[in-house]
Amino acid sequence: MSKGGFDHYMLKEIHEQPEAIRDTVAESLLGPATAGTSSPVGYLPVRDPDAVLLLGCGTSYHAALMGEQILSQLLTVPVTARVASEFQKPAVKAEQGLVVAFSQSGETSDTLTALRRILGQGYASLGVTNVMGSSITRAVDATLYTRAGPEVAVASTKTFLCQLVTLYLLGFHLATDRDAVSIIPQNLQVLPDLVRQVLSRDSAIQQAVRQLTKAEHIFIIGKGLGVPIALEGALKFKEVAYLPTEGYPAGELKHGPFALLGEKTPVIAMVLADEHRSRMITSIKEIKARGSTVIAIADRGDGEVAEFADMVLPVPKTDPLLAPVLHNVVLQLMSYYCARKLGCPIDRPRNLAKSVTVP
Ligand code: BG6
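When you line the sequence shown up against the numbering used here, it's residues 14 to 372, in that order.
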């Protein structure tokens, strides 16, 4: 396995994301998501679930959290995400429920244990994994493979984006309102190029990290679909740069964490062009007033965000359902460059394993 000219596997795998997304869409067992596809194809163990449960650990749990919001917008049944290591029993009784377990390795003990707890409780099971023939594929009724290729770095990057792609495909095939999802196939066709555009802005992102590597504490904040991405971004900063970083719902910062704000606590604010945008701008003003530096991630050309944030890292405008993917790529690169500046062993962080196969 070579690093392909990159300094670390993590950076190589971040830059492999456009192809990983393309391959996952093209080869998905859900069939090519082409507009007008009438109904789910046979690979789903249940075609019309009366409840959906999403499970995972670490980064895979953040995919589950994204799924809870995305699928809740597209389905009319209860959709719940639960962290697998805490899962005991489903919150929703189901006659023909669907449990979707995310695990890029397919070997995480906590996720496999959670799956065993759900058996016989009216839920058919679907595994989403990056490793052919992994343990999870033998524990579920059906498997959807992400096509990210081998992921060597301990920190999950391209496999996370491919988990999100699989969620969009699931939403496309399970949604009751076909019109609401007709945009998904063409969105998934353009997503690789949008990610390439973010990757090409690498140097601006490297500038931003100067503020962060000396921080005592970092907050990454968002609203709506920005919250799981804030959690995922914070996990990357912890995993590879060892920086104390918390992903937080923007509206919750005033209920306590404001006490931590000041020059040693920079804040990364994700401003999605959705119904939460103005609230995010208000949060930026409140945070600035308390002495923290604010680095915003926002649509290119958003002058209002630029007026109030200390720095803006722009992303291409796109569908609000896809924008969190682009914000996540910015956060991946920020965490990588912080780790590089701090001289961390990026591909093999201390105390961590690529997959925890013991309880
Ligand atoms: C942890 C890894 O051990 O397991 C994380 O350090 C990962 O990066 C988590 O997200 C879950 O792993 P998997 O293979 O179940 O997605």
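No residue lacks a Cβ here, since even glycine has one placed at the ideal position from N, Cα and C.
- Taking L182 as reference, the option from C351, V38, P372, L344 with the minimal CA-CA separation is V38.
- For T72, the distance from the CB to the nearest heavy atom of ligand 1 is below 6 Å.
- Of all C-beta pairs linking the region 193 to 211 to the region 66 to 81, fewer than three are shorter than 8 Å, placing the two stretches out of contact.
- Here the C-alpha atom of P31 lies approximately 28 Å from the C-alpha atom of H289.
- The Cβ atoms of L207 and L24 lie no closer than 7 Å to each other.
- Residue state for L66 is assigned as strand, using DSSP reduced to three classes.
- For M79, no beta strand (DSSP E) run applies; the uninterrupted alpha helix (DSSP H) run containing it begins and ends at 71 to 87, by DSSP.
- Straight through space, the alpha carbons of V153 and T295 are spaced by roughly 45 Å.
- Around the beta carbon of H268, fewer than 16 other beta carbons sit within 10 angstroms, so the residue counts as exposed.
- Using a cutoff of 6 Å, the CB of T121 counts as near ligand 1, since one of the ligand's heavy atoms is closer than that.
- In this structure, D315 and V342 do not form a Cβ contact; the two beta carbons are roughly 18 Å apart against a cut-off of 8 Å.
- In this structure, the alpha-carbon of L346 lies about 30 Å from that of T156.
- With 16 or more other CB atoms across the displayed protein chains lying within 10 angstroms of its CB, M293 is buried.
- Not one heavy atom of ligand 1 falls within 6 Å of the beta-carbon of S98.
- T226 and K354 do touch by the CB rule: their CB atoms are close to 5 Å apart, below 8 Å.
- The C-alpha of K106 is placed about 34 Å away from the C-alpha of T170.
- In the DSSP assignment, the residues bridged to M324 are I308.
- For ligand 1, a non-hydrogen atom lies closer than 6 Å to the CB of V369.
- Counting only runs of at least 4 residues, the region 99 to 175 fully encloses the following alpha helix (DSSP H) elements, listed from N- to C-terminal order: 122 to 131, 148 to 152.
- In the three-state reduction of the DSSP assignment, I34 falls in the helix class.
- For I359, no alpha helix (DSSP H) segment is defined, and its DSSP state is neither H nor E.
- When distances are taken from the beta-carbon of S138 to the heavy atoms of ligand 1, even the shortest one reaches 6 Å or more.
- Assignment of beta-bridge partners to P372 by DSSP yields no partner.
- Taking C-alpha positions only, K16 is separated from Y22 by approximately 6 Å.
- Per DSSP, the continuous alpha helix (DSSP H) segment holding G246 begins and ends at 239 to 254.
- Proximity of the region 133 to 145 to the region 208 to 221 falls short of the contact definition, fewer than three beta-carbon pairs being nearer than 8 Å.
- Sorting S148, T172, Q210, P62 by C-alpha distance to the C-alpha of H186 places P62 at the top.
- Relative to ligand 1, the beta carbon of S118 is positioned inside 6 Å of a heavy atom.
- If only complete runs of 3 or more residues are kept, the region 259 to 306 shows the beta strand (DSSP E) at 280 to 284, in order along the chain.
- Short note on S169: C-beta closer than 6 Å to some heavy atom of ligand 1.
- In the pairwise beta carbon analysis, the region 245 to 260 is classified as touching the region 226 to 236: at least three pairs are separated by under 8 Å.
- According to the DSSP assignment, A193 belongs to no beta strand (DSSP E) but to the alpha helix (DSSP H) extending over 191 to 194.
- Taking a contact as a CB-CB distance under 8 Å, the pair N143 and E164 counts as one, their CB atoms being some 6 Å apart.
- Looking at the backbone, the Cα of P329 and that of L128 are separated by about 38 Å.
- F185 carries a helical assignment under DSSP once its states are collapsed to helix, strand and coil.
- G304 and L344 have their alpha carbons spaced roughly 22 Å apart.
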